[in-house]
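S.K.:
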């Protein structure tokens, strides 16, 4: 996250006064606003339930797997592009999300988040005194009323607004589009790694669909998908090419032509070897479980493990 903050600084990501993430126009920015709202609710509820380990795990997953792995990566082409409304909005959204993360992380990492809070922007006060991420539209008077309603149980955790609006940033269209991009890239990476296709090898991808929506999505994200999934080209067809590996991404078929990419005979031999090993393991476990003496003398956990295998 420290490096993510440096990335934001290098790209001049500043949150303008009065910035409201609900007014975002770009699909990617609407998506991260929704994801940030979702994790805010999750962290808040788990803290209120005193499930601090679950709260820490939730914000960890969000920072690592959503903000850094996907949002910043997908935002790079915009940040490297020409100046304009999309770039300005993305810079502001990165700064806003960074600040929300700092607030959510503060109960678990107070010192480093306080330092980052101080150096990433001009602030009116310490992070420990900042309001907890909350529903937009709550007035200062309402927040003050909550803060003075009773004694602070834990001085580290700011007063929390219980009624967070889960649907405040809900955007099914943005979630569907960015979710599709993420799932497609993830699927391609996993399959290519499993089949030992070197990262340096660019492969074509055929999207088998008649959906104009899917075709439009693929065209909008064409360069980004090709870069992240290491693809040479993306094309469309009504049926998968002969000999191509067919995969399902959010209910639609995508095909990875393998001719000239891998040695099919070697891949068949590898799979047969794995199958033979699996068969041998099954026979070994079956032999143990068919031995009444072994079952009678086995401890409960290993026996359970053997049956599961």
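Residue numbers (this note's numbering): 369 to 677. A virtual CB, placed ideally from N, CA and C, is assigned to each residue, including glycine.
#1: Enumerate in chain order the residues of its own chain whose CB-to-CB distance from residue 408 is below 6 Å, with the five nearest sequence positions on each side excluded.
#2: Mapping DSSP to helix, strand and coil, what is residue 543?
#3: Could you have a look at residue 448 and say whether DSSP puts it in helix, strand or coil?
#4: In this structure, does DSSP put residue 575 in helix, strand or coil?
#5: Is it true that the region 486-500 meets the region 369-389, where meeting means three or more beta-carbon pairs spaced less than 8 Å apart?
#6: Thinking residue 359 and residue 546 are a contact (beta carbons under 8 Å), I'd like their distance in whole angstroms, please.
#7: Check each candidate in 560, 650, 554, 661 and name the one with the smallest Cα separation from residue 368.
#8: Under the rule that 16 or more other beta-carbon atoms within 10 Å means buried, what is residue 376, buried or exposed?
#9: Quick check on residue 472: buried or exposed, where buried means 16 or more other Cβ atoms within 10 Å of its Cβ?
#10: Does the distance from the C-beta atom of residue 397 to that of residue 461 stay below 8 Å?
#11: Between which two residues does the beta strand (DSSP E) carrying residue 600 extend?
#12: Count the other CB atoms, across all protein chains shown, that sit within 10 Å of the CB of residue 469; report buried if there are 16 or more and exposed otherwise.
#13: Among 571, 562, 587, whose alpha-carbon lies nearest the alpha-carbon of residue 549?
#14: As an exercise, report each continuous alpha helix (DSSP H) stretch of at least 4 residues that is fully enclosed by the region 584-654, in chain order.
M.R.: Reading off the structure:
#1: 501
#2: helix
#3: coil
#4: strand
#5: yes
#6: A question about residue 359 goes unanswered here, because the residues of the chain that appear run from 369 up to 677.
#7: Look at the range of the chain in this structure, 369 to 677, and you will see that residue 368 is not part of it.
#8: buried
#9: buried
#10: yes
#11: 599-605
#12: buried
#13: 587
#14: 590-597
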